[in-house]
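A short write-up of the structure that comes next.
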Amino acid sequence: MQSDGKKGSGKGRPTKKSMPLSQRMARAIVFAIEGKGKPETGQAAARPKYDPPPLPKGRPQRRTAEGGGVSAASRGGVEMPKGSPGRRGQPPKGAPSRQQKRTDGKPIMSTRRQEPPQRQANRRLTAEEKRFHAARRARAIRAKRRKKRIIRFSAVLAALLIFLILSLTVLFKIENIIVVPAAGIVYDESQIKNACGIEYGAVNLFRCKLSDVEERLEKTLPYIGAAEVRRSFPSSLKVTAEPTVAAAAVDCGNGYLLTDKNGKMLQFTQSQPKAIAVLKSSGEFTIKTGEYIKFSDTSEGQTDDELLLYKEIIGAIKNTKIADITLIDIRDKQSVKLMYQNRLTLYLGTGTMIETKLKTAVKTLSVEDDGSKTKTGSIDLSTIGVAFVNDTERESESASEGQNS
């Protein structure tokens, strides 16, 4: 297609009518983008406003999202950038102007999207910065670990608390008692179970006070010298009973009270028992089997001297293995006496060094006693390490010799 240069102005500048339609549209788009308005041609300058030509039929006119201009298809494939101004440098349709104010006098913020600041170019960190970042990472790691530990500890503590509550209320009920009797016990298994005083299914294994059960057994069954009760999970008690035996028979006037080596009252009997030493005391006491004898009142914090002396004598007899002691007389604490086989009296004097005096008595009896079990007399052991023998047969012989002379 040839241009109409002959019909234009004499300056050689093409007019609007001499330009092709596509070229005129392209120039209009460029000037619209640059905001310079319309091209300064003679005929274009006279026109106050440029109207784009209508699109062909069947192709609807589209507007951009922000610019409000014609679509790229109607401008020859050139699309205006988003947020570009409208015609003649005006802001996009609906955008507030810079001079617009709010009712409170403050300017309205622009609705345009704020671009993020550009990241600083990568550079090498200094040693101090590296230490700072390393310390910050370490603190973050420690805080995270600390939080995990707290969560785990709280979970474990809650579980233990729930288990403890259930253990003390619902679980671990006593359903059985296991008896482990020692040799020489005089009670059967049913008697020991009944003496425990525990109702099956009603007492919790943890809330059961074992010392009370042990004390109840020792008082209810006097011939149990020591009872040991232990828990056996999940629902049992294990009872171990050690027997005790009578060590002396306390003369009560109307009968005899059997006591063990610790002074525990075992049994009251009318007849004198055999092979057991009879104890004579000046104290008054109340008979309560299963409890310990009291020769004197200890309510005011006083010690029971007769009971202590009794325990010392019984222990010394056991340690020295002196047999056949038939009488223990502690009515006078300054003149303690023992009877050996109801024929030899052992004078111990005060209640000190009892075991040493009895060792001297054992040596003396091995020499002076002929084994006939008919020799009578006394042995004075009041002096430590010395025995004075008073033989009744020797005295009678010397008396008869003096009469004959």
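Following our numbering, the numbering of the sequence shown begins with 9 at its first residue and continues without gaps.
Even glycine gets a Cβ: it sits at the ideal position worked out from N, Cα and C.
In terms of Cα proximity to residue 195, the closest of 144, 341, 252 and 349 is 252.
Our two residues, residue 232 and residue 198, have alpha carbons roughly 14 Å apart in a direct line. Rounded to the nearest whole angstrom, the C-alpha separation of residue 160 and residue 150 is 15 Å.
Judged by their CB atoms, residue 248 and residue 188 are nearer to each other than the 8 Å cut-off.
Per the Cβ contact rule, the region 330–344 is in contact with the region 280–291 (3 or more Cβ pairs under 8 Å). Listed in chain order, the non-local C-beta contacts of residue 205 below 7 Å within the same chain comprise 224, local neighbours out to five positions each way being set aside. Residue 359 sits close to residue 317, with the two beta carbons spaced by under 8 Å.
By the C-beta density criterion, residue 312 is buried, having at least 16 other C-beta atoms within 10 angstroms.
For residue 361, the secondary structure class from DSSP, reduced to helix, strand or coil, is coil. Excluding residues up to 5 positions away in sequence, 224, 225, 228 and 229 lie with their Cβ nearer than 7 Å to the Cβ of residue 203 in the same chain. One thing to note: residue 387 has its Cβ within 8 Å of the Cβ of residue 372.
According to DSSP, residue 248 shares a beta bridge with 188 and 236.
Annotation: the continuous beta strand (DSSP E) that includes residue 257 extends over 256–259.
Three or more beta-carbon pairs separated by less than 8 Å link the region 322–331 to the region 254–273, which places the two stretches in contact. Around residue 259, the same chain offers 286 and 288 as residues with beta carbons nearer than 6 Å, after the five sequence neighbours per side are excluded.
Each residue's CA atom was taken as its position, placing residue 218 and residue 256 some 31 Å apart.
Closest option to residue 178, judged by alpha-carbon separation, among 303, 30, 36 and 214: 214. Look at the region 129–182 and you find these whole runs of alpha helix (DSSP H), each 4 residues long or longer: 135–177.
Around the beta carbon of residue 356, a 10 Å sphere encloses 16 or more other beta carbons of the protein chains shown; the residue is thus reported as buried.
Secondary structure at residue 348: strand, using DSSP grouped into helix, strand and coil. If you draw a straight line from the Cα of residue 191 to the Cα of residue 250, it is about 8 Å long. Inter-residue distance for residue 208 and residue 222 is about 17 Å (C-alpha atoms, whole angstroms). The three-state reading of DSSP puts residue 231 in coil, since its state is none of H, G, I, E or B.
Taken through DSSP and simplified to helix, strand or coil, residue 322 comes out as helix. Residue 395 counts as buried, since no fewer than 16 other beta carbons sit within 10 angstroms of its beta carbon. Within the model, the alpha-carbon separation for residue 278 versus residue 261 is close to 10 Å.
Rounded to whole angstroms, residue 264 and residue 293 show a C-alpha spacing of 13 Å. Using a 10 angstroms sphere on the CB of residue 40, the tally of other CB atoms reaches 16 or more, which defines it as buried. Taking the Cα of residue 245 as reference, the smallest distance to any Cα among 274, 171 and 183 is reached at 183.
Taking the Cβ atoms as the reference, residue 352 lies roughly 7 Å from residue 384, within the contact range of under 8 Å. Nearest neighbour of residue 274 by Cα position, chosen from 152, 296 and 290, turns out to be 296. Taking the Cα of residue 200 as reference, the smallest distance to any Cα among 234, 176, 158 and 169 is reached at 234. For the pair residue 281 and residue 342, the Cα-to-Cα distance works out to about 28 Å.
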